[in-house]
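Counting in numbering that gives the first Met the number 0, the sequence shown tops out at residue 514, every number present. Yeah, the Cβ is synthetic: ideal placement off N, Cα and C, and Gly gets one too. A short worksheet on the structure shown next.
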Amino acid sequence: MHWNLNTRYKILLEINNAVITNFSINDFFKSLSSELRRHFEYDRLSIFIYDSEAQSLTHLTLADGVQPEGFEKHVRPLASGAVAKMVIQSREPVILEDLAKYSEHPSIIAMANAGLTSTMAFPLIVRNRILGTMHMSFKKRPADMAGLKEIFTDVSNQVAIAVGNMVTFTQLEEEKQHLVREKQYLMSATDDYQPDNFLYVSQVMLDIMKLVERVADIDAPLLITGETGTGKDYIARYIHSISPRKDHLFVKVNCPALTPSLFESELFGHVKGAFTGADAARTGRFEMADKGTIFLDEIAELPVDLQAKLLQVLQEHQIERVGDNRRIRTNFRLIAATNRNLADSIEDGTIRQDLYYRLNIIQIQLPPLRERKEDIPYLIKKMNEIESAGVNRPKPKYPDKVIDFLTDYHWPGNVRELKNLIKRMVILNPGELISLPDIQKLVNVSDQADKHSFNEAATLAETMAETEKLCIKRALEQTKGIVGGPEGATKILDVPKSTLQYRIKKYGLNPTDYI
């Protein structure tokens, strides 16, 4: 078929009008293929985005028409002999009029096996940069391949501009979403991490911190092990803070909270409309951690079926948002933590062996507080100073017999338990001399029991809840029932108002009772 100048102009104008207003990838491709089918007979239309760094091709979206076997893979390497590679290397259209003559390349064989006999491919070039390639294939070879090449060279120029605009728009939208999500994440972070607040004088901790500083600037995965309350979260944050990634986000993921329904959306993100309730696009944790650090806390609690999905991301450093078929590269450093023995978890089938080997390249094992007793007097002194200054209260006084008792105590909750006890004493006994009975009562050790034993009837959670409730009551008493503001209990307890209101309701307290 011959296309005169007027016909060509009309076709190009109609294609331009069809695609120029579309910034959604799927809508763009649907409009393009629909308009092209009005004017041309073809059996497969596809567009690839070229990643020069990874030397790979990514489907812009699912191709229109025939789907050769193996072509459903979303991302594939730019293999030697592939039509797209010929186009990218030459920066010129490539026409294969008889696919049967090119039997040496698997992708061409797959096309021929699907009944396609010929294909043409065009570079998508904007400002001298190759964005990708556009392909049109046929079961019956068109009579005027030269004429098609001529008009599709013009079409590909239009498509290149549209794809370039769309890619730029998509990147800007993703950056906007990333900034919004990053702001939300930073605003929701309420931890009290301070680099100078990780306290130790013992040789075992000095040796561990030397190891920490040696591995901080390495991008290899890192596994931190230790009992609950030993400071795994703190070590992870410290490593990030002294690493080359320190100017980017430290993103924490609480693995036990990831249900199967939340896993992909939380970690990988989703596009608007991906599922019921997805009223807006969401950036996932791995994408947020690009150029930064992602911390997978209590990774052994992740269900085995979800571990396989996680392993794939750790291997490829690419994610796919829910509802989107594009692969997004993300450059993160992985730190994981667990309070379990992962070798035992492999034996009982709760941890995949391949995931364990992926994580266990460098391991830092934190000792329980009972194995670093020389740190305890120093911790008491420094924590007492920090917590007192934090609420502007005079420091409680700890006599030697109390310090000796606390040093001998076996601390099932480790440093976290000690910190909570010190904080409680600052709030309940500011400036007072702490007596041994006071401390024994707080750690649930009776006068009749051995001073090293812990009351087995009371769990750590129960003890901490009781402590928390008592601290809130005392703060409400001191503020005469005022919850928020500069004169309120939130100032004393150093917690957000919403958090304190939730705790007050949880423990059945009524601020008006303290007026």
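Notebook entry, point to check: Leaving out five residues before and five after E265 in sequence, what residues of the same chain have Cβ atoms less than 8 Å from its Cβ?
Noted result: As a first step, residue 265 is located in the sequence shown; it is residue number 266 there, counting from the start. Answer for E265: V252, L257, G283, R284, listed in chain order.
Check: At which residues does the beta strand (DSSP E) containing R502 begin and terminate?
Finding: Your numbering for residue 502 matches position 503 in the sequence shown. Unbroken run through R502 is the alpha helix (DSSP H), 496-505; no beta strand (DSSP E).
Check: Would L378 pass as a contact of L417 if the rule is Cβ separation under 8 Å?
Finding: Taking the sequence shown and counting its residues from 1, the one referred to as residue 378 is at position 379. Taking the sequence shown and counting its residues from 1, the one referred to as residue 417 is at position 418. For L378 and L417, yes; Cβs fall inside 8 Å.
Margin query: Here's the rule: buried if 16 or more other CB atoms are within 10 angstroms of the residue's CB, otherwise exposed. What is D296?
Written below: The residue labelled residue 296 in the question sits at position 297 within the sequence shown. Result: buried.
Margin query: Here's the rule I'm using: 16 or more other beta-carbon atoms within 10 Å means buried, otherwise exposed. How should T6 be labelled?
Written below: Residue numbering aside, residue 6 sits at position 7 when the sequence shown is read from its first letter. With a threshold of 16 other beta carbon atoms within 10 Å, T6 falls short and is exposed.
Check: Where R213 and L333 are concerned, what is the direct C-alpha to C-alpha distance, given to the nearest angstrom?
Finding: Taking the sequence shown and counting its residues from 1, the one referred to as residue 213 is at position 214. Taking the sequence shown and counting its residues from 1, the one referred to as residue 333 is at position 334. Looking at the two C-alpha atoms, the distance is approximately 16 Å.
Check: Helix, strand or coil: how does DSSP classify L115 here?
Finding: Your numbering for residue 115 matches position 116 in the sequence shown. Coil, per DSSP.
Next item on the list: Could you tell me if K139 is buried or exposed, where buried requires 16 or more neighbouring beta carbons within 10 angstroms of its beta carbon?
Entry: Stepping through the sequence shown from its first residue, residue 139 is reached at position 140. Its Cβ having fewer than 16 others within 10 Å, K139 is exposed.
Note to self: Here's the rule I'm using: 16 or more other beta-carbon atoms within 10 Å means buried, otherwise exposed. How should F151 be labelled?
What the structure shows: As a working note, residue 151 is residue 152 in the sequence shown. Flag for F151 reads buried.
Notebook entry, point to check: Looking only at C-alpha atoms, which of L222, M287, D403, K396 sits nearest to A335?
Noted result: Counting from one through the sequence shown, the residue named residue 335 turns up at place 336. The shortest Cα separation from A335 among L222, M287, D403, K396 belongs to L222.
Item checked: Nearest neighbour of T116, chosen from F137, I124, I108 [CA to CA] -> For the purposes of this step, residue 116 is taken as the residue at position 117 of the sequence shown. Nearest of F137, I124, I108 to T116, Cα basis: F137.
Note to self: Could you check whether the region 340-350 touches the region 297-314, counting it as contact only if at least three pairs of C-beta atoms, one from each stretch, sit closer than 8 Å?
What the structure shows: With the cut-off at 8 Å, the region 340-350 and the region 297-314 touch.
Note to self: Let me make sure I understand the geometry here. Which of G272, R328, C254, E286 has the alpha-carbon closest to that of Q306?
What the structure shows: Counting from one through the sequence shown, the residue named residue 306 turns up at place 307. If you compare the alpha carbons of G272, R328, C254, E286 with that of Q306, the shortest gap goes to C254.
Check: What alpha helix (DSSP H) runs, 4 residues minimum, are completely inside the region 278-359?
Finding: At a cut-off of 4 residues, the continuous stretches assigned as alpha helix (DSSP H) that sit fully inside the region 278-359 are 284-287, 303-315, 341-346, 352-358.
Check: Considering only C-alpha positions, which residue in the set K381, V162, L309 is nearest to P571?
Finding: Nothing in the structure corresponds to residue 571, since the chain is present only between 0 and 514.
Item checked: Continuous beta strand (DSSP E) stretch holding K251: start and end -> Walking along the sequence shown from the start, residue 251 turns up at place 252. Element bounds for K251: 249-253.
Item checked: 8 Å Cβ cutoff met for P395 and E431 -> Here residue 395 refers to the residue found at position 396 when the sequence shown is read from its first residue. Here residue 431 refers to the residue found at position 432 when the sequence shown is read from its first residue. Yes; because the gap between Cβ atoms is below 8 Å, this pair is in contact.
Check: If you count every other CB in all the chains shown that lies within 10 Å of the CB of H451, and 16 or more means buried, which is it?
Finding: Position 452 of the sequence shown holds residue 451. In this prediction, H451 scores a pLDDT of 39, lower than 50, which makes its location untrustworthy; no coordinate-derived value is stated.
Note to self: With DSSP as the reference, identify every bridge partner of A120, one or two as the case may be.
What the structure shows: For the purposes of this step, residue 120 is identified with residue 121 of the sequence shown, where counting begins at 1. Per DSSP, the beta-bridge partners of A120 are V93, H134.
Check: Any idea if N509 is buried or exposed, counting beta-carbon neighbours within 10 angstroms, 16 or more meaning buried?
Finding: As a working mapping, residue 509 is identified with position 510 in the sequence shown. Residue burial is scored here from C-beta neighbours: N509 has fewer than 16 other C-beta atoms within 10 angstroms and is therefore classed as exposed.
Check: From what residue to what residue does the beta strand (DSSP E) around Q362 run?
Finding: Here residue 362 refers to the residue found at position 363 of the sequence shown. That run of the beta strand (DSSP E) goes 361-364.
Margin query: Using a 10 Å radius around the Cβ and a threshold of 16 neighbouring Cβ atoms, would you call A142 buried or exposed?
Written below: Sequence index remark: in the sequence shown, residue 142 carries index 143 (1-based). With fewer than 16 Cβ atoms within 10 Å of its Cβ, A142 is classed as exposed.
Notebook entry, point to check: Can you name, in chain order, every residue of its own chain whose Cβ lies under 6 Å from the Cβ of N359, other than the five neighbours on each side?
Noted result: Against the sequence shown, residue 359 aligns to sequence position 360. Around N359, the same chain offers L222 as residues with beta carbons nearer than 6 Å, after the five sequence neighbours per side are excluded.
Margin query: Buried or exposed for F168, going by 16 or more other Cβ atoms inside 10 Å?
Written below: Translated into the one-based positions of the sequence shown, residue 168 becomes position 169. Label assigned to F168: exposed.
Note to self: Quick check: T60 and V82, are their CB atoms within less than 8 Å of each other?
What the structure shows: Start at 1 with the first residue of the sequence shown, and residue 60 comes out as number 61. Start at 1 with the first residue of the sequence shown, and residue 82 comes out as number 83. No, these two residues do not count as a Cβ contact at 8 Å.
Note to self: What does DSSP give as the partner residue(s) for S45 in the beta ladder?
What the structure shows: Against the sequence shown, residue 45 aligns to sequence position 46. Within the DSSP secondary-structure output, S45 pairs in a beta bridge with H134.
Check: Just checking, does the region 467-474 make contact with the region 484-498 on the three C-beta pairs under 8 Å criterion?
Finding: The region 467-474 is in contact with the region 484-498.
Item checked: Span of the beta strand (DSSP E) around L222 -> Counting from one through the sequence shown, the residue named residue 222 turns up at place 223. The continuous beta strand (DSSP E) containing L222 extends over residues 221-224.
Checklist line | Enclosing alpha helix (DSSP H) for T406 [first to last residue] | finding: Counting from one through the sequence shown, the residue named residue 406 turns up at place 407. T406 -> alpha helix (DSSP H) spans 399-407.
Check: Skipping 5 residues on each side, what residues in its chain have a beta carbon closer than 8 Å to that of Y41?
Finding: Along the sequence shown, read from residue 1 onward, the residue named residue 41 stands at position 42. Here Y41 has L35, G64, M135, S136, F137 as same chain residues with Cβ atoms under 8 Å from its own Cβ, once five neighbours each way along the sequence are excluded.
Margin query: My output table needs one value for L31: the three-state DSSP class, helix, strand or coil.
Written below: Indexing the sequence shown from 1 puts residue 31 at position 32. It is helical.
Check: S55 by DSSP, collapsed to three states: which one?
Finding: Working through the sequence shown from its first residue, we reach residue 55 at position 56. Here S55 carries a strand assignment [DSSP, helix/strand/coil].
Check: Would you call the region 360-367 and the region 216-230 touching, i.e. three or more CB-CB distances under 8 Å?
Finding: Under the Cβ criterion (8 Å, minimum of three pairs), the region 360-367 counts as touching the region 216-230.
Notebook entry, point to check: Is P76 helix, strand or coil by DSSP?
Noted result: The count along the sequence shown starts at 1 and reaches residue 76 at position 77. Strand, per DSSP.
Item checked: Cβ distance (whole Å) where I87 is taken to contact T132 below 8 Å -> Mapped onto the sequence shown, residue 87 falls at position 88. Mapped onto the sequence shown, residue 132 falls at position 133. Confirmed, Cβ separation roughly 7 Å.
Next item on the list: Return the CA-CA distance between A99 and I108, expressed in angstroms with no decimal places.
Entry: In the sequence shown, the residue the question calls residue 99 occupies position 100. In the sequence shown, the residue the question calls residue 108 occupies position 109. Those two C-alpha atoms are separated by around 8 Å.
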